[in-house]
Each structure stands twice: as structure tokens, then as C-alpha cells.
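Novice:
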Amino acid sequence: MPIEPNPDIAVEAHGLVKRFGNNLAVDGVNLEVPRGAIYGLLGPNGAGKTTTVRLLTTLLRPDAGTATIDGIDIAREPARVRARLGLTGQYAAVEERLTAMENLQMIGRLYRIDAGDVRTRARELLERFDLVDAVDRVVKGYSGGMRRRLDIAMSLIAQPSVLFLDEPTTGLDPRSRLAMWELIEELETDGTTVLLTTQYLDEADRLAERIVVIDTGRVIAQGSSDELKDQIGGDRLSVTIARAENAGRAIDALRPLCRSGVDVDPVGDGRHLTASISAGDRVVPSAIRALDDAGVDVLDVEVRRPTLDDVFLTLTGKRADDDGEEFA
Amino acid sequence: MSVDDETPTLGHRANTAAATDGVRPRTEAAEPIAAAGDRPEPQTGPLWIVRDSWVEATRHLRVVPRNPELLIYATIQPIMFVLLFVYVFGGAIEVPGFENYDQFLIPGVFAQSIVFGSAFTSIGIAEDMQKGYIDRLRSLPMSRSAVLIGRTVSDLVRNVITFLVMLVVAFAVGFRFEGTFAEALAATALLLLFSYALSWIQALIGLSVGSVEAANSAGFIWMFPFTFISSAFVDPSQMPDWLEPIARNNPFTVATDAARALYNGLPVGTDAMVTLGWSIGITSVFAALSIRKFASSTVA
Numbered sequence: 007m008p009i010e011p012n013p014d015i016a017v018e019a020h021g022l023v024k025r026f027g028n029n030l031a032v033d034g035v036n037l038e039v040p041r042g043a044i045y046g047l048l049g050p051n052g053a054g055k056t057t058t059v060r061l062l063t064t065l066l067r068p069d070a071g072t073a074t075i076d077g078i079d080i081a082r083e084p085a086r087v088r089a090r091l092g093l094t095g096q097y098a099a100v101e102e103r104l105t106a107m108e109n110l111q112m113i114g115r116l117y118r119i120d121a122g123d124v125r126t127r128a129r130e131l132l133e134r135f136d137l138v139d140a141v142d143r144v145v146k147g148y149s150g151g152m153r154r155r156l157d158i159a160m161s162l163i164a165q166p167s168v169l170f171l172d173e174p175t176t177g178l179d180p181r182s183r184l185a186m187w188e189l190i191e192e193l194e195t196d197g198t199t200v201l202l203t204t205q206y207l208d209e210a211d212r213l214a215e216r217i218v219v220i221d222t223g224r225v226i227a228q229g230s231s232d233e234l235k236d237q238i239g240g241d242r243l244s245v246t247i248a249r250a251e252n253a254g255r256a257i258d259a260l261r262p263l264c265r266s267g268v269d270v271d272p273v274g275d276g277r278h279l280t281a282s283i284s285a286g287d288r289v290v291p292s293a294i295r296a297l298d299d300a301g302v303d304v305l306d307v308e309v310r311r312p313t314l315d316d317v318f319l320t321l322t323g324k325r326a327d328d329d330g331e332e333f334a
Numbered sequence: 013m014s015v016d017d018e019t020p021t022l023g024h025r026a027n028t029a030a031a032t033d034g035v036r037p038r039t040e041a042a043e044p045i046a047a048a049g050d051r052p053e054p055q056t057g058p059l060w061i062v063r064d065s066w067v068e069a070t071r072h073l074r075v076v077p078r079n080p081e082l083l084i085y086a087t088i089q090p091i092m093f094v095l096l097f098v099y100v101f102g103g104a105i106e107v108p109g110f111e112n113y114d115q116f117l118i119p120g121v122f123a124q125s126i127v128f129g130s131a132f133t134s135i136g137i138a139e140d141m142q143k144g145y146i147d148r149l150r151s152l153p154m155s156r157s158a159v160l161i162g163r164t165v166s167d168l169v170r171n172v173i174t175f176l177v178m179l180v181v182a183f184a185v186g187f188r189f190e191g192t193f194a195e196a197l198a199a200t201a202l203l204l205l206f207s208y209a210l211s212w213i214q215a216l217i218g219l220s221v222g223s224v225e226a227a228n229s230a231g232f233i234w235m236f237p238f239t240f241i242s243s244a245f246v247d248p249s250q251m252p253d254w255l256e257p258i259a260r261n262n263p264f265t266v267a268t269d270a271a272r273a274l275y276n277g278l279p280v281g282t283d284a285m286v287t288l289g290w291s292i293g294i295t296s297v298f299a300a301l302s303i304r305k306f307a308s309s310t311v312a
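Chains as they are written, first to last, in my numbering: chain F, 7 to 334; chain R, 13 to 312.
What follows is the structure, encoded as C-alpha cells:
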């Protein structure tokens, strides 16, 4: 079925399926990433994120479905697709016996870029990725963060139209992780389309303008971080009371203020209550007054936006960092 | 009591300040990316295969002068074999047709060492697979076969270097080319070609096993019967009856006999042609299998 290429869409996938033996790793994934956007593919281990990336980057052939990069079919013209994409896999794929400059030059030449252009571009990237001091040192002595930065620089050497980042911060220490986030954010100003996978909710929340939540090979939700949070219903009111035996009275007192029922947090000791509310800023005084009138001693009242953790829990019934079955 | 319409559990704003010594903030504007349409079409064809293969071969060869210890490790074993066989068995072993066992033995050690050299191919490829480097190369618009051609060619070059070191040691213990220099050159070329063919078997092994450790065993283990059940160290007529025909028909025996005849200025018969045939046959079959496997390989 020929698809009319839309110049504003960088990545498009329809019903992608990949099976490994009896294991349906990717089960009908649909995606549409507009040019210049940063999209996040969010899901737990084994959700099918990496397999989806491997399909889109022509490393695997889909069992069913179609996908295009810049309107070019991945199955029919994989070589043309490869000329347009950059891939940074889960493990920093750098040649550790060579220097940063040599690594960049080598990949640049394999992208068939003119040697002079490669040098210029490599210098730019080394500068930008803060690797200038290490440029003539072999990669073997680099820290994990430096390797990962070089890895991404290598993926950018040919100025790809679409950059795939498979779990770009897995295994990095918090500082390198933050540095990596800043780098990825800068890519947006370049106009590079980025599809990144992550199992970290804070990462998707910060980097991706749109998040595609994937679980057991299927897209189960998508939207901006705010849209996903709205799907599970407004803000969250959470109240901690002094004594668990007052929970019943507290629930009765709070119910008129809340959109739905008031739950006792299942993991707490019966003193933590949560509820979804619509008007965050005015609820707190009323809640405290209502609880006070009911004779309940209050330790803490907090209103917060739901986190993606809440979203994931609501959508899948499990936490995002639960280890699922591992298949790649 | 806290009222906060931000997302305190994510809290990235508060952390941003801590990143000052990470990547320095960039002020200059980035170059815009090329528009979707104006990208050169990826080139194909034999010249591009050669060019890409060379780029990939230099990745491996560049590191040789930087890590001379790797070459030293690679040459220790052949040197040890020359010395051990010459001094330990040299006096005890007699082979028909050779007055001097060294002249019989040393071409056999050459053959074995050069063939052992092919095992580096499987280890190298397994390492690239394990580290995700193969995935990176497979995502590039480069020639598919170049990754393997580059690897096998660079291993061949390394093998030549190892051989030269071994040759010096052999001369030191009394080995001489009894034929012409051209014959010695032909003998060496034949052994290298045979080893190159085997490195394609090793490439397939490297692509098939999941780890460097597995490649290390799978690449080396068959080399022992392959090189010992042969004419490399003793004449097959001195082996048990059931083993002798196996040794005689082993392609490694043919390659060793051809090289030995040429090094000693003896008539080589059909052995050289048969070795050539084996080399071309093994290369064609295993290069095709490896390249196919490469195109579909995935990291386990």
C-alpha cells in the first residue's frame, strides 16, 4: 500500500510487528513523529522499545507492518534510510582503542562524507560535546559519560535527519545524566528529530514533547506529559493524618472536596490518603478546615501534579521500573 | 504543609544548577540540518566495497603500533612452538625423506601458527557484536560485506607481521630456504591464503556465538585436531592406520606439504593447486554464509 509521504513527518510506522519465536516483542506499533520533534518511547524493560528502534533503524526486518523515515520505506530502501539516520544503541558503541577524533572520522567516512567536511564537523561536535580535552586520547580511559557523549557525537557526524537514542542515560551517574539531558535538549534547537527510548519517567517528562507509552509490544497511551497526567484525572491531593483510626472520619470529611473517592494509600500504614481533585490551589485550606472540623489531626497536606509513575500505574497496573521479561 | 503545582518527584529544575561542571552550555547557534530531500544517495559497487573495507581494516590496524604488546602475545606462541619442537622433539623424531627434522618441522610450525592466526577473526567479531559496534556499523549506509572483509584483511596483515617475527626466530635456530626465494615467497603466500580462507569460517563463528569467551573456545578448539592430525609435525605414515587417511586428506596437510616442498626446493606436485582450490572454495562458501549472517545478525 503506497503511502503519500508527508514532508512534515520524519518517522511513521503502521502496525509494526516483530516476533522472536513465540515471543511477540512488537505487536502492532503505530507511530508518527513530526520533523524536528523529540519523542519519547517510554516503557519498562522488555516492553519492546529497543525492538521498535531496531526495526525503524533497519537492523531488524518487521514481520508485518510498514514504516518510513523521511517518507522512505525501511524495508524497500534500507540503504537510503540508513544515510538519513543516526543510531546510538544501549551500549556506547565506540572503538575504545582509537581516539575520539579517529572514531568520528571513521564513522564519517563510512557515511561517505568528504574527508575535509568530516574533520570540520568532528571538531564542532567535539567542542560541543565537551570532548576537546580528550580528543587525542584513546577512548579506553574515558568515563562512562564521555563515552556516551562521543557515541552520540558519532551518530550526529552525518547530520542525520532522525536520531535514535536507545536508553541514552542508562548506567550513567546523576551528573552525567543531567549533562546528557542538556545535550539532547540542544538537539531540538538544531531541528534534529529525536526518538529516544527510556524507562525513566523523569527523563521522558523532561525531554520529550510527546511520550508514547509502550508495554508488551503495544502502544498503550500517548500524549504530552501533561496530557498523560490529565488522563488519570487532574491533580492529586495527599493527606497524612496523625492516627490511622481516624481514616474513616477523614475520608468522610474530604469526600465533598474531591472529584472521585478518597483512597487510603495501600502501601502506607493507613495514615496516607490520596484523592484526585480539580482545583488545586483552593482545596488545601478547605481540606484542612474540613479535617479540623471532623476532629482529625493532620500532619501534612500536599497537592501535586500526578507523576508519570501514577500514569503508568493507572495504565498498566504496575510500576514503570518493574522488571519485565527481557527481550531485545 | 506544601502546596506545589510543579512535579516535586521529578524536580529537574532544582537539579539543573548542579550540572555546571558537566557539559558546558553552548552559546553559538547550531548549524541547521540538511533538509529531507538534499541528501546524496548511498553509493554501491565494488569500489565502495573496497573503500569501506579499507576504512574498517584501518580501524584494526591503526591500533597495532599503539599496542605492541598484543603482537608480542600473538608471536610468543609460535616462537615457543619453534623452540619447543626443535629442541624437545628435534633429536627424537625422524621423518622419511628428511635428514634434518628442523627443515621438516619448521614449515609445519609456520603453517600451524598462520592458521591459528585466523582465530583472531572470530574473537574480534564477537567482541564487536558484544559491544554493540556491529549494530552501529549495520546502521550506516556502508557496504555490508566491508565490515567482514575489513576485519579478515586486517587479521591477514597482522598474520604477516607475526610470520616475519617467527621467520627470524626460525633462521636463528638454523632453518634455511633450500629452494629459491620465489619458492619461499610462494610457500608463504599459499599459507597466508589458506589462513585467510579459514578466517571466513572464523567470521561465521564470531557472528554465531554470543560472547568473546565463547568465540575464544569455538574459534580455537577445532584448530588443535585440525593442525595436529596432519603432516605438520610427523609424517602421517607414522600414525595409527585409522588416523593416517584422515591426516592425509586433511586440507591442512595439503597446504603444509605444499609449503614445505616449496621452502625446501622439492617438487610440489599438485599440492599447491589443491591448496589454492581449497582456499578459494572455503572463502567463497564461508564469505557468502558470513555476509548473509551479518546482514541478519542481532545482538543476543
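Glycine included, every Cβ here is placed at the ideal spot set by N, Cα and C.
As the structure is a computational prediction, the values presented were derived from the model and not from experiment.
If I measure Cβ to Cβ from residue 260 of chain R and keep anything under 7 Å in the same chain, skipping five residues before and after, which residues do I get?
Specialist: Cβ neighbours of residue 260 of chain R beyond the five flanking positions: 248.
Novice: Going by C-alpha to C-alpha distance, which of F:262, F:91, F:315 and F:311 sits closest to residue 295 of chain F?
Specialist: Nearest option by C-alpha distance: F:262.
Novice: Whole angstroms is fine: what's the gap from residue 279 of chain F's alpha carbon to residue 314 of chain F's?
Specialist: Their backbone Cα atoms lie some 19 Å apart in a straight line.
Novice: What residues from chain B crowd round residue 82 of chain F, counting only those whose CB sits closer than 8 Å?
Specialist: In summary, chain B is missing from the structure at hand, where the protein chains are F and R.
Novice: With a threshold of 16 other CB atoms inside 10 Å of the CB of residue 13 of chain R, please say whether the residue is buried or exposed.
Specialist: Reliability fails at residue 13 of chain R, whose pLDDT of 42 lies under 50, so the model's placement of it is uncertain and no value is given.
Novice: Mapping the DSSP letters down to three states, classify residue 37 of chain F as helix, strand or coil.
Specialist: Of the three classes helix, strand and coil, the one that applies to residue 37 of chain F here is strand, per DSSP.
Novice: On the DSSP letters alone, give me the boundaries of the beta strand (DSSP E) that residue 242 of chain F sits inside.
Specialist: 241–247 is the span of the beta strand (DSSP E), which, as asked, contains residue 242 of chain F.
Novice: Who are the near neighbours of residue 40 of chain R in its chain, counting only those whose CB is closer than 7 Å to its CB and skipping five residues on each side?
Specialist: Residue placement at residue 40 of chain R is poorly supported in this model, since its pLDDT is 40, which falls under 50; the coordinates still yield a value, given next. Result list for residue 40 of chain R: empty, nothing under 7 Å.
Novice: If you check the beta carbons only, do residue 150 of chain R and residue 215 of chain R fall under 8 Å apart?
Specialist: The answer is no: Cβ separation not under 8 Å.
Novice: Report yes if the CB atom of residue 240 of chain R is closer than 8 Å to the CB atom of residue 117 of chain R, and no otherwise.
Specialist: In this structure, residue 117 of chain R does not lie closer than 8 Å to residue 240 of chain R by Cβ.
Novice: Report yes or no: is there a C-beta of chain F within less than 8 Å of the C-beta of residue 147 of chain R?
Specialist: It does: the Cβ of residue 147 of chain R has a partner Cβ on chain F nearer than 8 Å.
Novice: Which residues mark the beginning and the end of the beta strand (DSSP E) in which residue 45 of chain F is found?
Specialist: Element bounds for residue 45 of chain F: 44–48.
Novice: Under the three-state reduction of DSSP, which class applies to residue 283 of chain F: helix, strand or coil?
Specialist: Strand, per DSSP.
Novice: Is residue 317 of chain F helix, strand or coil when you go by DSSP?
Specialist: Of the three classes helix, strand and coil, the one that applies to residue 317 of chain F here is helix, per DSSP.
Novice: If you drop the 5 nearest sequence neighbours on each side, which residues of the same chain put their C-beta closer than 6 Å to that of residue 290 of chain R?
Specialist: Around residue 290 of chain R: 263.
Novice: Who does residue 70 of chain F pair with in a DSSP beta bridge?
Specialist: Beta-bridge pairing links residue 70 of chain F to F:23.
Novice: Identify which residue in F:63, F:212 and F:174 has its Cα closest to the Cα of residue 167 of chain F.
Specialist: It is F:63.
Novice: With a floor of 4 residues, list each alpha helix (DSSP H) that falls wholly inside the stretch 196–252 of chain F, ordered by position along the chain.
Specialist: Runs found: 207–213 and 231–237.
Novice: Inspect the beta-carbon positions of residue 271 of chain R and residue 199 of chain R and report whether they are closer than 8 Å.
Specialist: Cβ distance < 8 Å, so residue 271 of chain R and residue 199 of chain R count as in contact.
Novice: List, in chain order, every chain F residue whose beta-carbon is nearer than 8 Å to that of residue 53 of chain R.
Specialist: Residues of chain F passing the Cβ test: 86 and 89.
Novice: If we ignore side chains and look at the alpha-carbon of each, how far apart do residue 287 of chain R and residue 183 of chain R end up?
Specialist: C-alpha separation (whole angstroms): 25 Å.
Novice: Looking only at its own chain, which residues have a Cβ that is under 8 Å from the Cβ of residue 114 of chain R, when we skip the five neighbours before and after it?
Specialist: Excluding residues within five positions, the ones whose Cβ falls inside 8 Å are 98, 102, 185, 186 and 187.
Novice: I'd like to confirm the pairing. Which residues does DSSP put opposite residue 76 of chain F in its beta bridges?
Specialist: Bridge partners of residue 76 of chain F: none, in fact.
Novice: In the structure shown, what three-state DSSP assignment does residue 120 of chain F receive?
Specialist: Reduced to three states, the DSSP call for residue 120 of chain F is coil.
Novice: Please report the Cβ distance between residue 158 of chain F and residue 94 of chain F, rounded to the nearest whole angstrom; I am assuming they are in contact, meaning their Cβ atoms lie under 8 Å.
Specialist: Confirmed, about 5 Å.
Novice: So, for residue 87 of chain R: in the same chain, excluding its five sequence neighbours on each side, which residues have a beta-carbon less than 6 Å away from its beta-carbon?
Specialist: 174 and 177, listed in sequence order.
Novice: Which same chain residues, not among the five before or five after residue 145 of chain R, have their C-beta less than 7 Å away from its C-beta?
Specialist: So no residue of the chain qualifies.
Novice: Give me the subset of the stretch 106–128 of chain F whose CB atoms are less than 8 Å from a CB atom of chain R, sorted by chain position.
Specialist: Against chain R - using a Cβ distance shorter than 8 Å - the residues of the stretch 106–128 of chain F are 108, 112, 113, 115, 116, 117 and 118.
Novice: Can you check which of these residues, F:244, F:290 and F:76, is closest to residue 268 of chain F by C-alpha distance?
Specialist: For the residues F:244, F:290 and F:76, the minimum Cα distance to residue 268 of chain F belongs to F:244.
Novice: What number of angstroms, rounded off, separates the C-alpha of residue 290 of chain F from the C-alpha of residue 302 of chain F?
Specialist: Approximately 15 Å between the Cα atoms of the pair.
Novice: Assign residue 14 of chain F to one of three DSSP states: helix, strand, or coil.
Specialist: Three-state DSSP puts residue 14 of chain F in coil, outside helix and strand.
Novice: Taking contact to mean at least 3 C-beta pairs separated by less than 8 Å, is the stretch 153–173 of chain R in contact with the stretch 60–69 of chain R?
Specialist: The stretch 153–173 of chain R is in contact with the stretch 60–69 of chain R.
Novice: Do you know how far the Cα of residue 227 of chain F is from the Cα of residue 22 of chain F?
Specialist: Rounded to the nearest angstrom, the two C-alpha atoms are 16 Å apart.
Novice: On the DSSP letters alone, give me the boundaries of the beta strand (DSSP E) that residue 310 of chain F sits inside.
Specialist: Its beta strand (DSSP E) spans residues 304–310.
Novice: Return the residue from the list F:197, F:283 and F:220 that minimises the CA-CA distance to residue 43 of chain F.
Specialist: Of F:197, F:283 and F:220, the residue nearest in Cα terms is F:197.
Novice: In this structure, what does DSSP give as the bridge partners for residue 32 of chain F?
Specialist: DSSP, once it has assigned bridges, lists F:24 as partnering residue 32 of chain F.
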